[in-house]
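Protein chains in written order, with my numbering: chain W, 989 to 1302; chain B, 34 to 307.
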């Protein structure tokens, strides 16, 4: 078990390193002087020389990368051009918003899709299964930003039950805050439920055909027991991978959803930074997102042995 | 029996939905009811009527015509992106799998690192450098979706590389290139077709999302994404502005998903009989 974890940790390093190289190259490949880009047009000459020295622009490229990498590792992501705040603090602040919404929505989606997927497997090719699959396929085909707009139109504008624009932190005022994040959470949960139901169903059906399921049935186990005790644990690995991918993807910024609901999340931070050419922020968010993605994949890898005994034996 | 009917229904429904979008796109290339770019401030935000079947937008432009010309933009970008991703993916994946050794190891490390990062974020990152334009969107999305193709092609190549028929081809004196082309690559057609059908949906969704964020093909060119984006400000008074482009996206995605399901059922042996 320890070796397994260690190996996964070591495998994550080249991935992160390559992402760092990619982000570094990306921002260096923008034409123009990086120092001028970072400080904006209003910078004075002394500021420019100062930043050039700080960035190590007088060094050769590999050394520049090394210096930059050390700064990133020590948590120095630079300062935003637009408002002068440290990038790391900005990211942490915005990430909290995204985190609450994404984690709640994905948990909700898991709670709905696992029972629904199992019921579909149970009633395979009968009316109920077909109904569930049709709904899941429909949900899969509706873009989150459009579903969000429609929900906003119905519950925000027509019925006026929920606010349309703005955000209140849950920690400031729980009830008011909840009113702002309810629709984004429901929208995300609906879209991801579509993906997960299909995943649960297809991987359960695959397990259902294996011999030990027939064996369990032959022993006289009821269908419900077969599904919960024998099928679910063994079909959970691909679902877990999917959940990891979804979480990583969304935590990296549900930019589109945050735009629809005007939420100050991480995705919105990135998109705004792209518009205002705030390079330190762009760089910071990309590095942060990649790290989150790799971390979640690691957590998923660590979870496999807990759910799937076959992995533990290897 | 019921299953076969269901599968046939899926395929038929998917084909007709995508077929409808295809016909609309083809028609739009030659004809739209009105000029999609012609503004007419006197008839702005008109609800659907006989002259404007889907109403007009905030500049008095005909929404139906814009949705139709948006179909050209969105579908052409998606199709070109998928085709380019497949071309690059097949080349890199086949070389990597067929040559093996260090070439394979290094290529796969880069590929996995690229995969370990959400597609839309790569898209956004590339847009930082190339700027919002048609070519920019295609470049960004091709970059984002090629690694998935590489993975599938390499996997298939690895699985057939040591098979008897490949060795037989070498034995009778065929060159490596000919062996690869004639005997290895044809095995990739099935898996790549399945992947391509789902990818078309993902790419279309990403393209719409980029446009919606204002990072896709810039206005006044119509895309479904940027139509939705500008509809946001008028949603309360002009519902049709949001409903029309959104429905086009949903119909296209539903079509690709249904056909994708059908192809997967057909080509993936693990799904047989399920």
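Note that beta-carbon positions come from the ideal geometry of N, C-alpha and C, so glycine has one too.
Chain B contact for residue i (CB, 8 Å cutoff)
i	result
residue 1137 (chain W)	yes
residue 1247 (chain W)	yes
residue 1223 (chain W)	no
residue 988 (chain W)	With chain W represented from 989 up to 1302, any question about residue 988 (chain W) goes unanswered, as that position is not in the structure.
residue 1017 (chain W)	yes
residue 1243 (chain W)	yes
residue 1134 (chain W)	yes
residue 1229 (chain W)	no
residue 1151 (chain W)	no
residue 1131 (chain W)	yes
residue 1034 (chain W)	no
residue 1262 (chain W)	yes
With 16 other Cβ atoms within 10 Å as the buried cut-off, status of residue i
i	result
residue 1203 (chain W)	exposed
residue 1277 (chain W)	buried
residue 221 (chain B)	buried
residue 245 (chain B)	buried
residue 204 (chain B)	exposed
residue 1180 (chain W)	buried
residue 1013 (chain W)	exposed
residue 1063 (chain W)	exposed
residue 1259 (chain W)	buried
residue 1301 (chain W)	Because the pLDDT of residue 1301 (chain W) is 47, which lies under 50, any placement of that residue in the model is unreliable, and the number read from its coordinates should be weighed accordingly. By the neighbour-count rule (16 or more Cβ atoms within 10 Å), residue 1301 (chain W) is not buried but exposed.
residue 1119 (chain W)	exposed
residue 1008 (chain W)	buried
residue 306 (chain B)	Only weak support exists for where residue 306 (chain B) lies, its pLDDT of 43 falling under 50; the value from the coordinates is given anyway. Under this definition residue 306 (chain B) is an exposed residue.
residue 1054 (chain W)	exposed
residue 1327 (chain W)	Beyond the ends of chain W as shown, which are 989 and 1302, falls residue 1327 (chain W); an answer cannot be given.
residue 126 (chain B)	buried
residue 192 (chain B)	exposed
residue 1304 (chain W)	No information on residue 1304 (chain W) is available, as it lies outside the stretch 989 to 1302 that chain W covers here.
residue 210 (chain B)	exposed
residue 1208 (chain W)	exposed
residue 240 (chain B)	buried
residue 1242 (chain W)	buried
residue 1263 (chain W)	exposed
Of the residues the options, the one placed nearest residue i, counting alpha carbons only
i	options	result
residue 62 (chain B)	B:95, B:109, B:93, B:79	B:109
residue 1182 (chain W)	B:120, B:287, B:104	B:287
residue 1052 (chain W)	W:1032, W:1069, W:1016	W:1016
residue 53 (chain B)	B:296, B:282, B:202, B:238	B:282
residue 1011 (chain W)	W:1261, W:999, W:1267, W:1068	W:1267
residue 1187 (chain W)	W:1105, W:1247, W:1234	W:1105
residue 1303 (chain W)	W:992, W:1172, W:1261, W:994	Because chain W spans 989 through 1302 in this model, residue 1303 (chain W) falls outside it and cannot be assessed.
residue 1174 (chain W)	W:1100, W:1060, W:999	W:1100
residue 154 (chain B)	W:1110, W:990, W:1257, W:1109	W:1257
residue 1085 (chain W)	W:1121, W:1159, W:1059	W:1159
residue 289 (chain B)	W:1192, W:1130, W:1222, W:1269	W:1130
residue 270 (chain B)	B:136, B:79, B:166, B:106	B:79
Beta carbon proximity, residue i to chain W, threshold 8 Å
i	result
residue 167 (chain B)	no
residue 354 (chain B)	The displayed coordinates of chain B run from 34 to 307. Any statement about residue 354 (chain B) would go beyond what the structure contains.
residue 282 (chain B)	yes
residue 19 (chain B)	Absent from the structure is residue 19 (chain B), since the part of chain B shown begins at 34 and ends at 307.
residue 275 (chain B)	yes
residue 154 (chain B)	yes
residue 269 (chain B)	yes
residue 96 (chain B)	no
residue 259 (chain B)	no
residue 265 (chain B)	yes
residue 279 (chain B)	yes
residue 90 (chain B)	no
residue 158 (chain B)	yes
residue 107 (chain B)	no
N-terminal and C-terminal residue of the alpha helix (DSSP H) that residue i is part of
i	result
residue 254 (chain B)	Premise fails: residue 254 (chain B) is in no alpha helix (DSSP H) and is neither H nor E.
residue 1174 (chain W)	1162-1196
residue 1206 (chain W)	1199-1206
residue 171 (chain B)	167-194
residue 217 (chain B)	Per DSSP, residue 217 (chain B) belongs to no alpha helix (DSSP H) and is neither H nor E.
residue 91 (chain B)	Careful: residue 91 (chain B) lies outside any alpha helix (DSSP H) and carries neither H nor E.
residue 1016 (chain W)	990-1016
residue 197 (chain B)	197-204
residue 1142 (chain W)	Segment: none, residue 1142 (chain W) is in no alpha helix (DSSP H) and carries neither H nor E.
residue 280 (chain B)	272-300
residue 138 (chain B)	134-148
residue 162 (chain B)	152-163
> Residue ranges of each alpha helix (DSSP H) run of no fewer than 4 residues wholly in the stretch 1235-1297 of chain W, ordered along the chain?
Replying inline: Uninterrupted alpha helix (DSSP H) stretches at least 4 residues long and entirely within the stretch 1235-1297 of chain W occur at 1243-1248, 1254-1263, 1267-1295, given in chain order.
> Taking the runs of the beta strand (DSSP E) that are 3 residues or longer, which of them lie wholly in the stretch 1046-1125 of chain W?
Replying inline: The beta strand (DSSP E) runs of length 3 or more contained entirely in the stretch 1046-1125 of chain W do not exist; there are none.
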